[in-house]
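Mapping the sequence shown onto our numbering, position 147 (from 1) lands on 467, and the numbers just tick up by one.
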Amino acid sequence: MAYIPPHKRHSKDSERPSPVPELLIVPRKRHLNLKSPSKQHNYEKSGDVVYGENAIFKWLIVGNLDADDHNHLEPTSVKAFEQRMRKKPLVLVNNHPPPKENDDEGGSTISSTRSESVAVNVWPDLLSSFEIVRNKMESKEFDKGKPAMVARFGKILFHGSPSVSSESVQGKDHVAETTLRQMKRTFYTNTPCSYMENIISGVVPKIGVDLVEEKNIYHIKLSDKTQPGSALICKCGIKEDKKLELHKVQLKPIRQMVVDVSCIDKNLDLRLALYTKRTISALTDEEMHRIRNIVDSAILDPEVKGGLRWPFGKACSTSDRYAVIGVWHTTAKKYKSPSLSLMARHVDRFDFKFAISEATFEVALKLRRMVSDLQEEKVEMDSIFDMFKDNLRMIWDHFLCYDQYFP
């Protein structure tokens, strides 16, 4: 019988929902009872998200959310979400958006006020989280870890909770903030292709970043039987013989702070996240041998989701310690300046565990200089805060509105 790759098989469990982390409304510290707190972290069951021991979560609403604005929730189609949750998520829609903020002086003032309010709300949490990161870096708890502050753009998806059902809030002319606070939220980073293209052609020249790299890479996510809940990420390039070349093995980044912002007067929402990258350097020769065998067995196939498949029995190591649970193929353009780093990418993903595939267009902006300055021993907080406000104002003006790009 011919071998059928896992992502082409029909599975009775293909629509089984998976845990979707809910971002909390106010900051909360996670107190963990672990035997070795310096080396262990709080994993979601999916292995996709890792939170720091004292991670901060916050959700903000920026803009006018009152009855006169006729803000309401309406269902939207997100295939991957629907496959996991068995229902359509909701997005917050403003029926009467204000005039474009940059059309006149008044609009410019609104933009400045909105972005500054976010900066004021986020700044104390950022400093608190960064102090934890700095202490862990000084104590060598992070194995070659580097902090990064990233802005991502997309939509906050609202879905039901025990106290509020999605059906009960659909179709209403106005939705109250108290109702939104009771609902679960997921930040969805997929944007239209035309948005990404216009960021490249229109925004990149304005913010002073230059193209430094074009990437064509594959990631293979492996489960590790010895560490349930965790996942290893194998970052791979392509050799001349069309085989994969393993570049590095990483752990999922640790999220130290996540702030999601519902931008009422914009078409996109904003996520600000401080996280720490982690590269593994302590794998034994035997462990690397097993991982390389899986990577070397992969076959490039543009006809399958994620772009990779394996011969029968080769998607796991001989001892079954490591097994492929996900793949994604990324084509990306990376832009840099001394202050910023912008990544615009197309990602083709496949989750072996839930048999769910998704292709997305994503834009992410790293605040390089601000993070670098925060790591200095003698830090002038006022100047860094001004930089943070300038960055958010730039984001507000150029990254959160796509009505001029899309019909």
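Glycine is no exception: its CB is placed at the ideal position from the N, C-alpha and C atoms.
Continuous beta strand (DSSP E) stretch holding residue i: start and end
{"i": "E402", "result": "From DSSP, E402 is part of no beta strand (DSSP E) but of the alpha helix (DSSP H) over 399-405."}
{"i": "N415", "result": "That residue, N415, is in no beta strand (DSSP E); it is neither H nor E in DSSP."}
{"i": "R665", "result": "660-671"}
{"i": "E623", "result": "Neither: E623 is in no beta strand (DSSP E) and is coded neither H nor E."}
According to DSSP, residues forming a beta bridge with residue i
{"i": "Y508", "result": "K475"}
{"i": "R688", "result": "DSSP, once it has assigned bridges, lists no residue as partnering R688."}
{"i": "H539", "result": "K555, W648"}
{"i": "N391", "result": "N414"}
{"i": "D640", "result": "DSSP, once it has assigned bridges, lists no residue as partnering D640."}
{"i": "P467", "result": "T596"}
Residue i - DSSP class collapsed to helix/strand/coil
{"i": "R575", "result": "strand"}
{"i": "N711", "result": "helix"}
{"i": "G549", "result": "coil"}
{"i": "D585", "result": "coil"}
{"i": "F728", "result": "Because the chain in this structure spans residues 321 to 727, residue 728 falls outside the shown range and cannot be described."}
{"i": "L603", "result": "coil"}
{"i": "P444", "result": "helix"}
{"i": "M503", "result": "coil"}
{"i": "R612", "result": "helix"}
{"i": "N384", "result": "coil"}
{"i": "E565", "result": "strand"}
{"i": "S366", "result": "Unreliable placement is indicated for S366, whose pLDDT of 45 sits below 50; the coordinate value is still reported in the next sentence. S366: coil per DSSP, three-state reduction."}
{"i": "W379", "result": "strand"}
{"i": "V699", "result": "coil"}
{"i": "L720", "result": "coil"}
{"i": "V532", "result": "strand"}
Residue i - containing alpha helix (DSSP H), residue span
{"i": "C636", "result": "Run containing C636: none; DSSP gives neither H nor E here."}
{"i": "N518", "result": "513-518"}
{"i": "K526", "result": "524-527"}
Proximity of residue i and residue j at Cβ, strictly below 7 Å
{"i": "Q403", "j": "I676", "result": "yes"}
{"i": "W648", "j": "R665", "result": "no"}
{"i": "H567", "j": "K555", "result": "yes"}
{"i": "I430", "j": "D580", "result": "no"}
{"i": "E517", "j": "K653", "result": "no"}
{"i": "L542", "j": "L552", "result": "yes"}
{"i": "F507", "j": "L410", "result": "no"}
{"i": "F401", "j": "C513", "result": "no"}
{"i": "R434", "j": "V495", "result": "no"}
{"i": "V578", "j": "A593", "result": "yes"}
{"i": "D671", "j": "G646", "result": "yes"}
Reference residue i; option with closest CA among the options
{"i": "T650", "options": "P622, W630, S659", "result": "P622"}
{"i": "T511", "options": "E678, L694, I600", "result": "E678"}
{"i": "V644", "options": "E373, V470, W630, E517", "result": "W630"}
{"i": "T604", "options": "R612, D585, N374", "result": "R612"}
{"i": "M663", "options": "D671, V495, V683", "result": "V683"}
{"i": "F705", "options": "M577, Q695, M503, A439", "result": "A439"}
{"i": "Y515", "options": "G474, Q502, Q547", "result": "G474"}
{"i": "M469", "options": "K698, L694, E497", "result": "L694"}
{"i": "A471", "options": "L590, R406, V529, E607", "result": "L590"}
Within-7 Å CB hit, residue i to chain D
{"i": "K686", "result": "In the structure shown, chain D does not exist; there is a single protein chain."}
Residue i: CB within 6 Å of a non-hydrogen atom of the ligand MN
{"i": "V453", "result": "In terms of ligand content, the structure shown is empty, and the ligand MN therefore cannot be addressed."}
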